[in-house]
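Visitor: Protein chains in written order, with my numbering: chain A, 809 to 1056; chain B, 129 to 349; chain C, 2 to 54; chain D, 77 to 296.
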Amino acid sequence: MNWQALANPARFKRLSDRLLPWFAGGAALCLAVGLYLGLVASPPDYQQGDSVRIMYVHVPAAWMAMFVYANLAVAAAASLVWRHPLADVAGRAMAPIGAAFTFLCLATGSLWGKPMWGTWWVWDARLTSVLILFFVYIAYMALNSAFDDDTRGARSSAILALVGAINLPIIKFSVDWWNTLHQPASVSRLDGPSIHASMLTPLLLMAVGFTLLFFALALVRMRAGLIERRLAALSYTRSADAGVASFR
Amino acid sequence: MSATLALLRRDLSLALRNVGETLTVLAFFVIAATLFPFGIGPEPQILARVATGIVWVVALLASLLPLERLFQSEADEGGLDQLLLAPAPLEALVLAKCAALWIGSALPLIAVSPIVATMLQLPTEAYGTLLASLLLGTPSLALLGGIGAALAVGARKGSALLALIVLPLAIPVLIFAVAAVEAQIGGLSVRPHLFLLAGFAVFWLTVAPFAMAAALRQAAS
Amino acid sequence: MAEFFAMGGYADFVWTAYGLTAAVLTVLAVSSVRRLKTLERDLAAAADDEHDR
Amino acid sequence: MTGESAAGLSGRELACMRGGRTVFAKLDFGFAPGDLVVLRGPNGAGKSSLLRVLAGLVAPAAGTLAWHGADIAEDPAGHRARLQYVGHLDALKANLTAREHLRFHAALRDMGARDVGGRDVEGHHIAHALDMFGLAKLADRPARFLSQGQKRRVALARLCVAPAALWLLDEPTNGLDAEGVACLAAAIADKREGGGIVVAATHLDFPGGQARTLTLRAAA
């Protein structure tokens, strides 16, 4: 497998043409069944009533926020170690998707919290950690687009992504600890095996659907990114026959 | 080693000759902290409750101010190339720059923090812990700030971008620094918190030089 | 059916959450695909240009 | 010219990309000890980029760069230690004097460690460098009070405070008066006599004696 060749838009198009229908189709199927099971077939919670159905988007969105960041960190490492343009393009393509899922996790968490806590925002340990993750995504995207030279932006933000990746567990630990210091355990009761299968199935289906959707979107955006690079290069190659004229 | 020390000495003597810059940071620190009594009222009990948090948050914001120039000025003047081409490892040289930054701007800030704490009615028994938390916490901020400054070399939106990069990563330091002082006020042991702050400093001491060096190398290419 | 939409009294929160999710993801998907289409057209045009020379 | 001499600095099939654009490609050369090589070519032809590649600041997009036949990518620290680079910027701090700049540079190039037998070797080198570039009287004046040409002299005087087998100079005569150019010419002649290689990018006539010329074609 020639990785360098994948940075070629035409090659990548062939690969993504083969994969995209499966990802998009799978995402549509999983999300459709997941939505039906989550909104219709699953029982309301005995305490939270129908508001618990927000869980089926909130929790998968939270998983995606972390999953996409993990992908971002891998792309960042690849970008720094192998200096592969595909990794640069991947980072730039994935970050907005991750930020979108992170935002959705926060927004749906707030919408779930209002009826449960009686307020739109509580400094719950999980929500707070996700909020900080959202800030890291924003910093990544801001840094990525802050340079005139795209490669500079990609490399700089890749370093930030890695620094963030090693720091996020520390942030998570700190916020959890800070939270127990200031208020009793959080309202969320999603931990452990107590969750019933009729709820777990739609939850997992939505999560798989989101994951496939992420892959599909990432492929589309990476393709766009590769074409963008190619176009930028094309505007120069007309004069690329520079070199030594003479050396005496 | 001598190159690293020479860089530290040079940056410190530059800081000494540009005292104005340090004074500006200190003035920002004091003025920003003074805003809080106007914002939340001058009642001593309320102020005493939030004093630690204010001192730390404002110190965090003030520590952002000198970052923009840290590596950007080197890049603008051409000195960055000379640092990159020095035979000494770049990781050691950037550490020297961070050390100079800490001595030149964080230490003065720590020195005036008792004044700010007095104005904010911090309980007397907490001063020692406040100073200890600042002494142990600000090295992490200087190193984190160094990462941000190195990443942002040549970027279009300098200062706002730096805040965006550095502040989220600084939250653990803030949490445990404030917790240390509150533990002191609450009559609990402060040692675990201070140990943890020292741990963060060691952590960033090992991570930051590599991140900064990598960022600067690619900034020059 | 009305009972389904009422969501046991939590209709505002549940449907806003789902609506927002659908909206954000749709906007992301549509804008990504649109940008790809535009860029593919530009690339084809640029390639033609190159060919003509 | 290529390949026949392993001594010195040689490039093979060198290429440089900046921002997705090819600056130069398929560049072959061999610079021998004692050579003065003048890089020529119009603006944008890649003179500065080539110097940065030679310095190891920019990795070549393709090809190899070798010193005495050994790939410099294998030993970047060793390459850094053997070269001195003067960019088109002077790298001066407004509040430091010429002497302080040179003292710092000597320390940065790790000269401080070579004080043998308690003699101030470093101070001797610095005094010599200041003399060489006619800066003796200006030595203790902060850089902000120096003229453009005087600043350039300080930047160039750095070359003489630490040993290096390879000098890379980007438009070194910029802002220099006739006397300054003569100082530079003498420094270059000295270096060449000692077997050093000097590579300079310029668009003007260049001092320093018999030179070889590498002309880069415009990329525009």
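All C-beta atoms, glycine included, are put in the ideal place defined by N, C-alpha and C.
Apart from the five residues on each side of it in sequence, which residues of its chain come closer than 6 Å, Cβ to Cβ, to Ala308 (chain B)?
Guide: Hits under 6 Å: Thr257, Ser261, Val318, His321, Leu322.
Visitor: Are there three or more Cβ pairs, one per stretch, closer than 8 Å when the region 262 to 271 of chain B is compared with the region 944 to 959 of chain A?
Guide: No: fewer than three Cβ pairs fall under 8 Å.
Visitor: Our contact map puts Pro868 (chain A) next to Phe981 (chain A) with C-beta atoms below 8 Å; I'd like the distance itself, whole angstroms only.
Guide: Not quite, the Cβ-Cβ distance comes to about 24 Å (not below 8 Å), so this is no contact.
Visitor: So which residues of chain B does Asn250 (chain D) contact, with C-beta pairs closer than 7 Å?
Guide: Those within 7 Å of Asn250 (chain D) in chain B number zero; the least Cβ separation is about 12 Å.
Visitor: By the 7 Å beta-carbon criterion, what residues does the region 29 to 40 of chain C contribute toward chain A?
Guide: Residues passing the 7 Å Cβ filter: Leu29, Ala30, Ser33, Val34, Arg36, Leu37, Leu40.
Visitor: Pick from A:Ala818, A:Leu914, A:Arg1037, A:Pro817: whose alpha carbon is nearest that of Met863 (chain A)?
Guide: With distances taken between Cα atoms, Met863 (chain A) lies closest to A:Leu914.
Visitor: Just to confirm before moving on: does the CB-CB distance between Leu970 (chain A) and Ala881 (chain A) stay below 8 Å?
Guide: In contact: Leu970 (chain A) and Ala881 (chain A) (Cβ atoms closer than 8 Å).
Visitor: Is there a C-beta anywhere in chain B that falls below 8 Å from the one on Ala870 (chain A)?
Guide: Taking Cβ atoms only, chain B never reaches closer than 8 Å to Ala870 (chain A), which makes this a no.
Visitor: Cβ of Leu133 (chain D) less than 8 Å from any chain B Cβ?
Guide: With 8 Å as the cut-off, Leu133 (chain D) counts as an interface residue toward chain B.
Visitor: Which residues in chain A sit within 9 Å of Met8 (chain C), going by Cβ to Cβ distance?
Guide: Within chain A, the residues near Met8 (chain C) are Leu847, Pro852, Gly857, Asp858, Ser859, Arg861.
Visitor: Looking only at DSSP bridge pairs, what is Tyr161 (chain D) linked to?
Guide: Answer by DSSP bridge pairing, in chain order: D:Leu244.
Visitor: Pull up the distance between the alpha-carbon of Val944 (chain A) and that of Leu289 (chain B), whole angstroms please.
Guide: Taking the straight line joining both Cα atoms gives about 12 Å.
Visitor: Just curious, the alpha helix (DSSP H) that Glu269 (chain D) is in, first and last residue?
Guide: From DSSP, the alpha helix (DSSP H) with Glu269 (chain D) extends over 254 to 269.
Visitor: Determine, for Leu1011 (chain A), whether the minimum Cβ-Cβ distance to residues of chain C falls below 8 Å.
Guide: Chain C contact via Cβ: absent.
Visitor: By the criterion of Cβ-Cβ separation under 7 Å, what are the contact partners of Pro296 (chain B) in chain A?
Guide: Under the 7 Å cutoff, chain A gives Ile940, Phe943, Val944, Ala947.
Visitor: Please report the Cβ distance between Ala254 (chain B) and Thr180 (chain B), rounded to the nearest whole angstrom; I am assuming they are in contact, meaning their Cβ atoms lie under 8 Å.
Guide: Their Cβ separation, rounded to whole angstroms, is 7 Å, which keeps Ala254 (chain B) and Thr180 (chain B) in contact under 8 Å.
Visitor: Tell me, please, whether the CB atom of Ala176 (chain B) is closer than 8 Å to any CB atom in chain A?
Guide: Output row for Ala176 (chain B): interface = no.
Visitor: If you measure from the beta carbon of Asp957 (chain A) to each beta carbon in chain D, is any gap under 8 Å?
Guide: With 8 Å as the cut-off, Asp957 (chain A) counts as an interface residue toward chain D.
Visitor: Show which residues of chain B have a CB atom less than 9 Å away from the CB atom of Leu1058 (chain A).
Guide: Absent from the model: residue 1058 (chain A). The displayed extent of chain A is 809 to 1056, so no value can be given.
Visitor: Anything in the region 903 to 928 of chain A with a Cβ closer than 8 Å to a Cβ of chain C? List those residues in chain order, please.
Guide: Result list: Pro904, Ile905, Ala908, Phe911, Leu912, Ala915, Thr916, Leu919, Trp920, Lys922, Pro923.
Visitor: Sorted by chain position, which residues of the same chain lie with C-beta nearer than 6 Å to Ala287 (chain D)'s C-beta, five sequence neighbours on each side aside?
Guide: Excluding residues within five positions, the ones whose Cβ falls inside 6 Å are Leu112, Val114.
Visitor: Can you find a CB in chain A that lies within less than 8 Å of the CB of Gly110 (chain D)?
Guide: No, Gly110 (chain D) lies away from the interface with chain A (no Cβ there is under 8 Å from its Cβ).
Visitor: Just verifying my parser: in three-state terms, what is the DSSP assignment at Ser223 (chain D)?
Guide: Coil at Ser223 (chain D), not helix or strand.
Visitor: Would you list the residues sitting across from Arg288 (chain D) in a DSSP beta bridge?
Guide: Answer by DSSP bridge pairing, in chain order: D:Val113.
Visitor: Tell me which residues of the region 195 to 211 of chain B have at least one Cβ-Cβ distance to chain D shorter than 7 Å, keeping chain order.
Guide: Cβ contacts with chain D come from Glu205, Gly206, Gly207, Asp209, Gln210.
Visitor: Quick check on Ser1006 (chain A): buried or exposed, where buried means 16 or more other Cβ atoms within 10 Å of its Cβ?
Guide: The residue in question, Ser1006 (chain A), is exposed, as its Cβ has fewer than 16 Cβ neighbours within 10 Å.
Visitor: Distance cutoff 8 Å, beta carbons only. Does Ala216 (chain B) sit that close to anything in chain A?
Guide: It does not: the Cβ of Ala216 (chain B) has no partner Cβ on chain A nearer than 8 Å.
Visitor: Express the C-alpha separation of Val1028 (chain A) and Thr291 (chain D) in angstroms, rounding to a whole number.
Guide: The straight-line gap from Cα to Cα measures roughly 44 Å.
Visitor: Flag this pair as yes or no: are the beta carbons of Asp104 (chain D) and His164 (chain D) separated by less than 8 Å?
Guide: Contact flag unset, no.
Visitor: Looking at chain B, which residues of the region 966 to 990 of chain A have a Cβ within less than 8 Å of any of its Cβ atoms?
Guide: Under the 8 Å Cβ criterion, the region 966 to 990 of chain A contributes Ile967, Leu968, Leu970, Val971, Gly972, Ile974, Asn975, Ile978, Ile979, Phe981, Ser982, Val983, Trp985, Trp986, Leu989.
Visitor: Closer than 7 Å by C-beta to Ala886 (chain A): which residues in its own chain qualify, once you throw out the five before and the five after it? Chain order, please.
Guide: If we look at Ala886 (chain A) and ignore the five residues flanking it on each side, its Cβ neighbours are His892, Ala895.
Visitor: Tell me, please, whether the CB atom of Leu756 (chain A) is closer than 8 Å to any CB atom in chain B?
Guide: Missing from the structure shown is residue 756 (chain A); chain A here goes from 809 to 1056 and no further.
Visitor: Grab me the residues of Leu1025 (chain A)'s own chain with a C-beta within less than 7 Å of its C-beta, minus the 5 sequence neighbours each way, in chain order.
Guide: Excluding sequence neighbours, Leu1025 (chain A) sits near Ile905.
Visitor: For Ile243 (chain B), count neighbouring C-beta atoms within 10 Å of its own C-beta (all shown protein chains included) and say buried if the count is 16 or more, exposed if not.
Guide: When all chains shown are included, Ile243 (chain B) counts as exposed.
Visitor: Can you list, in chain order, the residues of the region 1023 to 1042 of chain A whose Cβ is nearer than 7 Å to any Cβ on chain C?
Guide: Per Cβ criterion, the list reads Leu1025, Val1028, Arg1029, Arg1031, Ala1032, Ile1035, Glu1036, Arg1038, Leu1039, Leu1042.
Visitor: By a C-beta neighbour count over all protein chains shown, 10 Å radius and 16 as the cutoff for buried, is Ala189 (chain D) buried or exposed?
Guide: Unreliable placement is indicated for Ala189 (chain D), whose pLDDT of 49 sits below 50; the coordinate value is still reported in the next sentence. Exposed, since its Cβ has fewer than 16 Cβ neighbours within 10 Å.
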